[in-house]
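Some notes on the structure that comes next.
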Amino acid sequence: MNDHRQSKNISSLVAELGFFVSRSGKLHKVSSMDEYGNYVRLLTKCGQCIAVRNSRRSKAARWIRNGWMRQICKGCKIKSGELSRFKTGH
Ligand SMILES: [Zn+2]
């Protein structure tokens, strides 16, 4: 049996947390999400539309699951209290 957390794909992580970490390691707040096929399309608070494979093992899934990020998106206006789960430095 897989560990339950390990089995979560991007859409379930984003639905749960409301955040997405982009390819460059930037943390965005997600305002809406659409799933289509194997892909998930995210609209961030800062107005970007990001489409990614709805994977369990991609870098983005791993980073979100582990609470990793490199930088915070300024456009998303994330409150410091919301960042308790995330940590920089990876
Ligand atoms: Zn953003």
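The numbering of the sequence shown is my numbering, which starts it at 2 and goes up by one.
The C-beta atom is built at its ideal place from N, Cα and C for all residues, glycine as well.
Only a predicted model underlies this, so the values are computations on that prediction, with no experimental measurement involved.
- [ ] Report buried or exposed for Asn39, applying the criterion of at least 16 other Cβ atoms within 10 angstroms of its Cβ.
- [x] exposed
Open item on the list: Only counting the same chain, and skipping five residues up and downstream in sequence, which positions put a Cβ closer than 6 angstroms to that of Asp42?
Closed with: Here the sequence assigns Arg to residue 42, which means Asp is not the residue at that position. The residues are Asp35, Ala52.
TODO: Please classify Cys77: is it buried, with 16 or more other beta-carbons within 10 angstroms of its beta-carbon, or exposed?
DONE: buried
Task: CA nearest to the CA of Gly68, picked from Arg58, Ala62, Phe87 - done: Phe87
Open item on the list: Does Cys74 pass the burial test, meaning 16 or more other C-beta atoms within 10 Å, or should it be called exposed?
Closed with: buried
Open item on the list: Per DSSP, what are the beta-bridge partners of Ala52 in this structure?
Closed with: Arg42
- [ ] Report the partner residues of Val22 according to the DSSP bridge assignment.
- [x] Leu28
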